[in-house]
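Here is the structure we will look at, set down as structure tokens.
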Amino acid sequence: MLAACSGGGTSSSLGTRPYLLPNSGSGSGSPIKHIVLVIQENRSFNNLFATFPGATGATVGKELVHGKTKRITLSEVPLEDKKDLIHSYTGFLTAYNGGKMNGFNLIRRLLSSSPEGKEPYEYVRPSDVVPYWTLASTYALANAMFTTQGSESFPAHQDLIRGGTAIDSTESLIDDIPNVNESWGCDSPSTSKTSLITIQLQLRKRAGPFPCTKDFPGSGSSYLTLRDLFDAASPAISWKYYAPALGDRGGIWSAFDVIYPVRYGPEWTANVISPQATILTDISGGNLAQMSWVVPDNEDSDHPGSGSDDGPSWVASIVNAIGESQYWNSTAIIVVWDDWGGFYDPVVPLCASGSPCRDNQGGPGFRVPMLVIAPYSTVGQGSKGGYISNEAYSFGSTIRFIEDTFGLGRLGTTDETTNSIGPESGSQGGDMLDYNQSPRQFQPIGSKYSRSHFLHEKPSRLPVDTE
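Next comes the structure, spelled out in structure tokens:
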């Protein structure tokens, strides 16, 4: 299916789903008691894992030239290659081309409007991402993980705290917001407006509300996040969101800055933690929350154009800190990349059934990598035990897994229409963790830069992304 799928089909009308009130819960009996979601930036699956053994990758892609599909050889490039490509919804539609996956060369540049040509057709040389390949070879790699929308980082970071961006029954947030170099979310300049996509798939640029839930329909009362479920549980589920400080400009993707009661309540200082490297000392100090999100500094993010190769070491430092701590036997680490970054991928987006589909919120988007590292990561046939999952997953799959792990209710977004990565809910999928196996012993992950490097790293004061 992954090697041969092409267009067709529609998924359920996600924008019309009612939102559910949080249900209290004290846990599901899962051996996982802590979840750490590490969010990296702007890489398609093929860009990082094109030649990974057993994965669906390509070193030859498809381009559209004068109306005909032609083959194009992908270039192997360094991780720190300074390309920053268009990855907006319109760019997605151009590349997707009705499921033919051959229009990447026709994506228009932002300023000149000339086509990007061969630039999207590249993949990172494996020697630059050894920690990622080691993790994939040892634990679980998702071969069919798709973003919730064919869009940019702003909605993706919202999807990773709630599973969707619908602000009412007919419209969802999509693409970037302007003027984000200094601040964004509730801290945005007063003239800032979001962009929307309607359930008729009409793109409404800068036609949405100010990017703060107090200005959403109903003052954001239906725009619930996992934070609402955590706080309503009995006992409450502890959570922290590690991100660069807003004043460092790198904080523009601090997703809870959109959530008014968090931004202007006590949780902004108690639960939203800067600098982001504090996760390392919280682990060693025995202060790991039950749920943690981790957003990197620009230089540690894998973002194209950052000119840095720190990302794989940053992720390895978090994994090693947990693996060598008291938390290893009870923790699942999920590593995802927030969007496709404009890079080529050969696999048409799939819905939960494993069939090609489109929904009414501009999704699913292109494939991105996801690694699941845990003592209960499913053991595969590789020499190190690595497992490759071919089940169709999305960002909603991580939300569903978190809800089920802690015995919570549903938010009523894509958590209801996607497969969980774990076995708790009994849904299709759930193959990346196996609770029937004995906990796996942790082996440290080698990397170029050490934990100390990140603890002493000065903030780049650059935005993690500008789209």
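Each residue of the sequence shown is one higher than the last, beginning at 71 in our numbering.
Where a beta carbon is used, it is the ideal one built from N, C-alpha and C, also for glycine.
Quick caveat, the model's predicted, so the values are computed rather than measured.
With DSSP as the reference, label residue i as helix, strand or coil.
i      : result
Arg178 : strand
Val135 : strand
Glu337 : helix
Tyr330 : helix
Ser289 : helix
Pro185 : strand
Arg531 : coil
Leu211 : strand
Tyr505 : coil
Glu369 : helix
Gln511 : coil
Ala402 : strand
Tyr457 : strand
Arg521 : helix
Arg141 : strand
Lys310 : strand
Val438 : coil
Val389 : helix
His526 : coil
Glu146 : strand
Phe224 : helix
Ser362 : strand
Glu192 : strand
Thr64  : Here the chain has residues from 71 to 537 only, and residue 64 is not among them.
Using the Cα positions of residue i and residue j, report the straight-line distance between them to the nearest angstrom.
i      : j      : result
Ile269 : Ser239 : 8 Å
Gly173 : Leu134 : 6 Å
Thr204 : Ile515 : 7 Å
Pro426 : Lys170 : 11 Å
Arg274 : Gly452 : 47 Å
Asn23  : Leu271 : Since the displayed the chain opens at 71 and closes at 537, residue 23 lies outside it and no answer follows.
Asp538 : Asp198 : There is no way to answer for residue 538, as the model of the chain reaches only from 71 to 537.
Ser369 : Gly381 : First, the residue type needs correcting, since residue 369 is Glu and not Ser in the sequence shown. Each residue's Cα considered, the two are about 7 Å apart.
Asp372 : Trp410 : 12 Å
Thr295 : Pro345 : 23 Å
Ser517 : Leu149 : 14 Å
Phe162 : Trp338 : 34 Å
Gly424 : Phe471 : 18 Å
Ala206 : Pro509 : 17 Å
Gly377 : Asp151 : 6 Å
Thr468 : Ile403 : 11 Å
Leu266 : Asn112 : 21 Å
Phe119 : Ser182 : 31 Å
Ile343 : Glu461 : 34 Å
Ile581 : Pro196 : Within the shown structure, residues of the chain are numbered from 71 to 537, placing residue 581 beyond reach of any answer.
Ala386 : Lys138 : 43 Å
Gly335 : Phe326 : 11 Å
Gly79  : Ser520 : Summary for Gly79: the model assigns pLDDT 36, below 50, so the residue's position carries little reliability; its value from the coordinates is reported in the next sentence. Cα-Cα distance, rounded: 47 Å.
Arg144 : Gly127 : Per the sequence presented here, residue 144 reads as Leu, with Arg not at that position. Going from the Cα of Leu144 to the Cα of Gly127 covers about 11 Å.
Glu241 : Gly356 : 42 Å
Arg276 : Pro259 : 14 Å
Glu494 : His523 : 37 Å
Gly455 : Gly288 : 49 Å
Ala313 : Ile388 : 14 Å
Considering only residues of the same chain and omitting the five flanking positions on each side of residue i, which have a CB-CB separation below 7 Å?
i      : result
Leu525 : Ala347, Leu350
Pro101 : Ser400, Tyr446, Tyr505
Phe286 : Ile237, Pro279, Tyr293
Trp398 : Ile392, Pro445, Phe512
Thr547 : Residue 547 lies beyond the range of the chain shown here (71 to 537); nothing can be said about it.
Val328 : Gln228, Gly255, Cys256, Pro281, Cys282, Thr283
Ser395 : Ile353, Ser354
Asn341 : Trp309, Lys310, Tyr311
Tyr330 : Cys256, Cys282, Thr283, Lys284, Gly290
Phe122 : Trp203, Ala206
For residue i, which residues in the same chain have their Cβ closer than 6 Å to its Cβ, ignoring the five residues on either side in sequence?
i      : result
Phe465 : Thr218, Asp229, Leu230
Leu243 : Pro225, Thr235, Thr264
Ser362 : Val106, Lys310
His104 : Leu358, Gln360, Tyr397, Ser400, Thr401
Val124 : In the sequence as displayed, the identity of residue 124 is Gly instead of Val. The residues are Ile458.
Gly290 : Thr283
Met440 : Ala212, Met215, Val406
Lys140 : Glu133
Roughly how far, in whole angstroms, is the beta-carbon of residue i from the beta-carbon of residue j, given that I think they are within contact range, below 8 Å?
i      : j      : result
Leu155 : Phe413 : 7 Å
Ile491 : Val442 : 6 Å
Gly432 : Tyr166 : In fact, because the Cβ distance is near 11 Å, the residues do not count as touching under 8 Å.
Asp415 : Phe436 : 5 Å
Arg367 : Glu146 : Reading off the sequence, residue 367 comes out as Asp, not Arg. That belief does not hold up - the Cβ atoms of Asp367 and Glu146 are roughly 26 Å apart, past 8 Å.
If you drop the 5 nearest sequence neighbours on each side, which residues of the same chain put their C-beta closer than 8 Å to that of residue i?
i      : result
Asn175 : Glu133, Leu134, Val135, Ile142, Pro185, Glu186, Gly187, Lys188, Pro190, Tyr191
Arg232 : Tyr293, Leu294, Thr295, Leu296, Ile469, Leu481, Thr483
Val332 : Arg297, Phe326, Trp338, Asn341, Val342
Answer yes or no: does any C-beta atom of chain C fall closer than 9 Å to that of residue i?
i      : result
Ile343 : Going by chain labels, chain C is absent from the structure shown, which holds only one protein chain.
(request) Mind the definition here: the segment 206 to 226 touches the segment 403 to 419 only if three or more C-beta pairs lie below 8 Å; say whether that holds. (result) yes
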